[in-house]
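Engineer:
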Amino acid sequence: METGEAIRTRRSVHEYADEELTRDEILSIFEDVRWSPSSYNLQPWEFVVVDDEEGQAELREAAYGQEHVTDAAAVAVAFGNLDRGAHAERVFRDQAEKGYRAEDRAEKLIEEMQDEPFEQNERWVIQSCTIAATTLMYAAWDRGVASCPMGGWDADSVCETLDVPETWHPVLMLTLGYPDEESDEWERERKMRRSPDEFVSFRDGGEE
Ligand SMILES: Cc1cc2nc3c(=O)[nH]c(=O)nc-3n(C[C@H](O)[C@H](O)[C@H](O)COP(=O)(O)O)c2cc1C
Numbered sequence: 072m073e074t075g076e077a078i079r080t081r082r083s084v085h086e087y088a089d090e091e092l093t094r095d096e097i098l099s100i101f102e103d104v105r106w107s108p109s110s111y112n113l114q115p116w117e118f119v120v121v122d123d124e125e126g127q128a129e130l131r132e133a134a135y136g137q138e139h140v141t142d143a144a145a146v147a148v149a150f151g152n153l154d155r156g157a158h159a160e161r162v163f164r165d166q167a168e169k170g171y172r173a174e175d176r177a178e179k180l181i182e183e184m185q186d187e188p189f190e191q192n193e194r195w196v197i198q199s200c201t202i203a204a205t206t207l208m209y210a211a212w213d214r215g216v217a218s219c220p221m222g223g224w225d226a227d228s229v230c231e232t233l234d235v236p237e238t239w240h241p242v243l244m245l246t247l248g249y250p251d252e253e254s255d256e257w258e259r260e261r262k263m264r265r266s267p268d269e270f271v272s273f274r275d276g277g278e279e
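Under the working numbering, read the sequence shown as residues 72 to 279, first letter to last.
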């Protein structure tokens, strides 16, 4: 699918076809997700995919009963790893080897990342993980797999259900699955969008 078409036709889907999403299909979507940009290229995302009935039922409970959590073929939860040092050695040595930065600077950055206090990194992980989750939605849609990004869930319950490390900050839940094209949802026009005139301003007031 052409990028513009993917952007314009993606929609949040709540009604899914009764069709499985194989693990190979899921992993092929994540092959695209891995190319998302991230701060320093540190790739602080950790995704947990739940594609079994029991797991999805637990997530649905944590998501205040939202039905599409169990109707979708799978649910991905994006977490941000608050430990900036987690992948720092590989990332900065790669950048030094490929000429993106000097070797001594790379070594210095590895040390700095390891000293960074976890509790100050929430905003930092949300930025990169949200971009990765966005790539996920479009990479999925490019393959005909619909999604719904979700913020309506209880963070403690999600972390407890998925038993993730304390250093993983929950960012976004996404349902994934082939859409039910027979559903009314598809017949509805896309929801309104504000126009760029309303949400873009130029600092100089827009003078040409
Ligand atoms: C941060 C965020 C949180 C959202 N939370 C939920 C949610 O909890 N449940 C849900 O059904 N949709 C949720 N949505 C989907 C929005 O309702 C949807 O993107 C919006 O209405 C625009 O519709 P569209 O995606 O079909 O264009 C969320 C979207 C975002 C970006």
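All C-beta atoms in this analysis are idealised placements derived from N, C-alpha and C, irrespective of residue type, glycine included.
What span of residues does the beta strand (DSSP E) with His286 cover, start to end?
Structural biologist: In the structure as shown, the chain begins at 72 and stops at 279. Residue 286 is therefore absent and cannot be evaluated.
Engineer: Any chance the CB of Cys200 is under 7 Å from a heavy atom of ligand 1?
Structural biologist: Here residue 200 corresponds to residue number 129 of the sequence shown, with the count starting at 1. Cys200 Cβ: outside cutoff for every heavy atom of ligand 1.
Engineer: Of the choices Thr238, Ala211, Gln191, Asp234, whose alpha-carbon is the least far from that of Glu129?
Structural biologist: On the sequence shown, residue 129 is found 58 positions in, with the first residue counted as 1. Considering only alpha carbons, the answer is Asp234.
Engineer: How big is the Cα-Cα spacing for Ile181 and Val119?
Structural biologist: Looking up residue 181 in the sequence shown gives position 110. Looking up residue 119 in the sequence shown gives position 48. Taking the straight line from one Cα to the other gives about 27 Å.
Engineer: Verify the contact flag: Cys219, CB atom, against every heavy atom of ligand 1, threshold strictly below 7 Å.
Structural biologist: As a working note, residue 219 is residue 148 in the sequence shown. Cys219: yes, Cβ under 7 Å from ligand 1.
Engineer: Do Pro220 and Glu86 have their CB atoms nearer than 8 Å?
Structural biologist: Looking up residue 220 in the sequence shown gives position 149. Looking up residue 86 in the sequence shown gives position 15. No, Cβ-Cβ distance for Pro220 and Glu86 is not below 8 Å.
Engineer: Please report how far the alpha carbon of Arg264 lies from the alpha carbon of Arg194, in whole angstroms.
Structural biologist: The sequence position of residue 264 within the sequence shown is 193, counting from 1. The sequence position of residue 194 within the sequence shown is 123, counting from 1. The straight-line gap from Cα to Cα measures roughly 26 Å.
Engineer: Taking 7 Å as the cut-off, is the CB of Arg274 close to at least one heavy atom of ligand 1?
Structural biologist: Along the sequence shown, one-based indexing puts residue 274 at 203. Arg274: no, Cβ never under 7 Å from ligand 1.
Engineer: Between Ser266 and ligand 1, is there a pair consisting of the residue's CB and a ligand heavy atom that are separated by less than 7 Å?
Structural biologist: Locating residue 266 in the sequence shown gives position 195, counting from the first residue. Outside the cutoff, so no.
Engineer: Rounded to a whole number of angstroms, what is the C-alpha to C-alpha distance between Arg176 and Val162?
Structural biologist: The residue given as residue 176 occupies position 105 in the sequence shown. The residue given as residue 162 occupies position 91 in the sequence shown. Cα to Cα, the separation comes out at about 13 Å.
Engineer: Please work out which residues of its chain come closer than 8 Å, Cβ to Cβ, to Asp122, disregarding the five sequence neighbours upstream and downstream, and give them in chain order.
Structural biologist: Here residue 122 refers to the residue found at position 51 when the sequence shown is read from its first residue. Result list for Asp122: Leu92, Arg94, Ile97, Ala144, Ala145, Val146, in chain order.
Engineer: Below 8 Å on the Cβ atoms is my guess for Phe189 versus Leu153; work out the distance and round it to an integer in Å.
Structural biologist: As a first step, residue 189 is located in the sequence shown; it is residue number 118 there, counting from the start. As a first step, residue 153 is located in the sequence shown; it is residue number 82 there, counting from the start. So it is a contact: roughly 4 Å between Cβ atoms.
Engineer: So, for Glu174: in the same chain, excluding its five sequence neighbours on each side, which residues have a beta-carbon less than 7 Å away from its beta-carbon?
Structural biologist: Within the sequence shown, numbered from 1, the residue matching residue 174 stands at position 103. Only Ala167 meet the Cβ criterion.
Engineer: Thr238: which of Glu117, Gly75, Ala77, Val104 sits nearest, CA to CA?
Structural biologist: Walking along the sequence shown from the start, residue 238 turns up at place 167. That would be Glu117, whose Cα lies nearest to the Cα of Thr238.
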